[in-house]
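Note that the sequence shown covers residues 1 to 194 in my numbering.
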Amino acid sequence: MNKFRILLVSLVVGFSGCTAVAPVPQPPLEDRDVMLEPEVVEPTVIVSAVEDESVVQSSSEIGDDEAIEKPNKAIVPVAPSSIEAAPKNAAVVALLDSAKQQKQEGGLRSAQTSLQRAQRIAPREPEVYYDLAKVHIELEDYGLAEQVALKGVSIVQGQPTQLNRFWLLIAKIRTAAGNGAGAKKAKTLADGYL
């Protein structure tokens with residue numbers, strides 16, 4: 001029995017010496033001294049003035065030859081405040097009209113529902129938030145009215161007339177809620193946009 005164990009141990013030792021361990025492949029080394037900058041290509045927007053009208057065109061629409069042929073045209077960048085608002089969605093207009101009618105008939109909850117539907121369709125339409133906040137005021141839900149009006153403020157950034165309008169509404173909400181100091185702050189903010 002001992003001879004058998006010795007033979008088995010010698011075979012195991014012998015085979016382990018015969019087997020070669022394959023080298024573990026190493027990942028390629030990174031050269032961290034060289035930093036590659038990603039190439040950023042931004043679209044160019046230009047305005048060309050044509051007889052007191054502004055036409056917005058992308059640089060891909062105007063060829064270099066056209067710009068050379070018409071050197072009298074001035075190229076002026078578009079200011080964000082000069083971009084007109086997109087036309088309202090027909091469904092949103094219908095819902096705003098419906099809410100106005102419902103409110104006049106005393107159906108404040110129906111008007112609220114119509115305005116919430118309009119909000120889901122056009123979540124960036126300031127008129128929806130303004131009207132919805134006014135309905136919440138009439139429902140005496142001042143906390144929700146202020147939240148809706150503040151959302152409207154975030155949507156109309158860069159539009160002084162709209163910001164003035166929303167901050168005046170917030171002042172009205174805070175006054176109705178008995179928050180005189182908050183109403184005064186809102187009024188001061190509104191006056192800053194005149």
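All C-beta atoms, glycine included, are put in the ideal place defined by N, C-alpha and C.
Only a predicted model underlies this, so the values are computations on that prediction, with no experimental measurement involved.
For residue i, three-class secondary structure by DSSP
i       : result
Gly-180 : helix
Tyr-142 : helix
Tyr-195 : There is simply no residue 195 to check, as the chain begins at 1 and stops at 194 in what is shown.
Asn-89  : coil
Arg-117 : helix
Gln-101 : helix
Arg-124 : coil
Leu-189 : helix
8 Å Cβ shell around residue i - same chain, five flanking residues per side excluded
i       : result
Ala-177 : Tyr-142, Gly-143 and Glu-146
Lys-100 : Ala-111 and Asp-131
Lys-187 : Trp-167, Leu-168 and Ala-171
Within 8 Å, strictly: CB atoms of residue i and residue j
i       : j       : result
Leu-194 : Ile-170 : no
Val-135 : Ala-111 : yes
Phe-166 : Gly-152 : yes
Gln-162 : Pro-126 : yes
Leu-95  : Arg-117 : yes
Option nearest residue i by Cα separation, candidates the options
i       : options                               : result
Ala-91  : Lys-185, Thr-188, Leu-115 and Val-148 : Leu-115
Glu-138 : Lys-172, Lys-187 and Arg-120          : Lys-172
Val-156 : Tyr-130, Glu-140 and Thr-175          : Tyr-130
Glu-140 : Ser-154, Gln-159 and Arg-109          : Arg-109
Beta-carbon proximity list for residue i, same chain, < 7 Å, skipping 5 on both sides
i       : result
Asn-164 : Ala-190, Tyr-193 and Leu-194
Asn-89  : Ile-121 and Ala-122
Cβ-based neighbour list, residue i, same chain, cut-off 6 Å, excluding 5 preceding and 5 following
i       : result
Leu-132 : Leu-115 and Val-148
Leu-168 : Ala-190
Gly-182 : Arg-174
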